[in-house]
Ligand code: XMP
């Protein structure tokens, strides 16, 4: 295991991902983690970047014990400065904040060799810089292993210990050889074996689930039709078969025919026990007249919990009846399955700098508060791409494995005005055409998320010889690595033309289609 200590950089989770992509298990912990309380011995440690300066009064600092553990350490950006600062180097403010590409010249020793960190990667590489401070005086016993035009100490190494510092960010895709640099560190310098694969994970996790649930305990869990809940459900089914029961709540703001499709795929094709509850009337009546996005989220989140709990209670009663009558020996419902992923775990453990809530995304977080069920989270160590790989191994169809994310509050946050059945229908039809055409054009997998938005404004149009006065659809498509930032997708014009013409022809109530060309930031992915 590689331990990554997080000082609050927005890129920390990417360091973890890159290690995992190299098939090395890596865990992120806050920089405040003390070594004596660590329950494993890492084979190497990476110190992340940070929005702080090392000399800020409230700057976060690492437990100095890390430097006596005897394992290799790589400091990235602030991590370099933190290491140098601990070893009596000097850090100072740059004249100008450096943000963007730079060319790293790899230094050669007297005998012409380069440092182990850069071996085999060439004499020069493009790297990405993002920092306001830099090392201005080397700590004793360190030497330079790479420099850029503006940063003479862009990469440094200890003379005798395996301690490295780099000013650039190897974890971002703007540093094309960055992943190889991380690879040199974790595989060659730390000597980690590349063992972390989903094939290994599957066997171990199924065994763990069986052990945790015991021979009788039953598990229930919500499914949405998304990748995470489907993979989690199928994994549970592999582990404990019919003792797992999935519940899907139709909240009336799902995509076109979604409940039916999920039923076919999960139940008929994959054999998972599933109940679909149609609660659309209740959801839509509670949403009546509501425009405020956060209220929409709250109503949907709370109603979901009500419905799910009621359904769980029914299943529990049934399980008890069966047990009492001796009809089944499957036991009581003891566990609740959640498809929590590692980014959610990171979100809750990472070191927080100043940050504000933009939207409340996690709308089922309250589920456990009143339920006496214990939580089981088989995906909690995994990143999204690992979940996709796991899904493929579990024979989940490719179109589902690659599916774009869909928010819990569904179409309610894509209908900008009040949510009604009619508005839902219009948006479902438009969205369906949009996605269909994207798939036909072979573009679906190049886009991270695409959807239609129904605007609450009317515009004038003409159809035949008649004036129309109808609503407007906005199309959104973004490319993003982690949805923290996103770029709008550049469509070929003929695809947009086809989509627009089909929507205005086939969807009654729409006479105009627009394409959203805003990136995040300053916009967000969803409009609400
Ligand atoms: P934003 O709009 O914040 O979206 O840029 C980033 C990602 O989060 C999804 N999203 C949500 N997911 N409940 C969810 O489960 C929500 O309330 C919610 N709001 C946004 C959004 O679809 C995108 O993938």
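In the UniProt record's numbering, the protein residues as written are 10 to 537.
Quick reminder that beta carbons are idealized off the backbone N, C-alpha and C, glycines included.
The nearest non-hydrogen atom of the ligand XMP is less than 7 Å from the C-beta of residue 535. The stretch 88 to 99 and the stretch 118 to 128 do not touch, with fewer than three beta-carbon pairs separated by less than 8 Å.
A distance of 8 Å or more separates the beta carbons of residue 443 and residue 342. Residue pairing by DSSP puts residue 142 in a beta bridge opposite 102.
Secondary structure of residue 517 (DSSP, three-state): coil.
At least one heavy atom of the ligand XMP lies closer than 7 Å to the C-beta of residue 422. Segment contact: the stretch 283 to 296 against the stretch 439 to 459, fewer than three CB-CB distances shorter than 8 Å; contact not assigned. Contact between the stretch 229 to 237 and the stretch 54 to 71 is absent: fewer than 3 CB-CB pairs across the two stretches fall below 8 Å. Counting C-beta pairs with one atom in each stretch, the stretch 35 to 47 and the stretch 131 to 142 have fewer than three that are closer than 8 Å, which means they do not touch. For residue 26, the closest of 187, 127, 134 by C-alpha to C-alpha distance is 187. In this structure, residue 417 has its CB closer than 7 Å to one or more heavy atoms of the ligand XMP. Bounds of any beta strand (DSSP E) do not take in residue 16, whose DSSP letter is neither H nor E.
By the Cβ-count criterion, residue 176 is buried, with 16 or more other Cβ atoms from all chains shown falling within 10 Å of its own Cβ. Within its own chain, the residues whose Cβ lies closer than 8 Å to the Cβ of residue 168, once the five positions on either side in sequence are excluded, are 150, 151, 152, listed in chain order. Taking the Cβ of residue 467 as the reference point, every heavy atom of the ligand XMP lies at 7 Å or farther away. Going by beta carbons, residue 504 and residue 450 fall inside the 8 Å limit.
Residue 306 is classed as buried because its beta carbon has at least 16 other beta carbons within 10 Å across all chains shown. Residue 309 and residue 15 have their alpha carbons spaced roughly 34 Å apart. If you compare the alpha carbons of 380, 381, 411 with that of residue 394, the shortest gap goes to 411. Inside the stretch 461 to 523, DSSP marks whole alpha helix (DSSP H) runs of 4 or more residues at positions 502 to 515, from first to last along the chain.
Under a 10 Å Cβ-count criterion, residue 254 is classified as buried, with 16 or more other Cβ atoms of the shown protein chains found around its own Cβ. If you ignore the 5 residues before and after residue 382, its C-beta comes within less than 8 Å of the C-beta of 229, 321, 342, 343, 344, 345, all in its own chain and listed in chain order.
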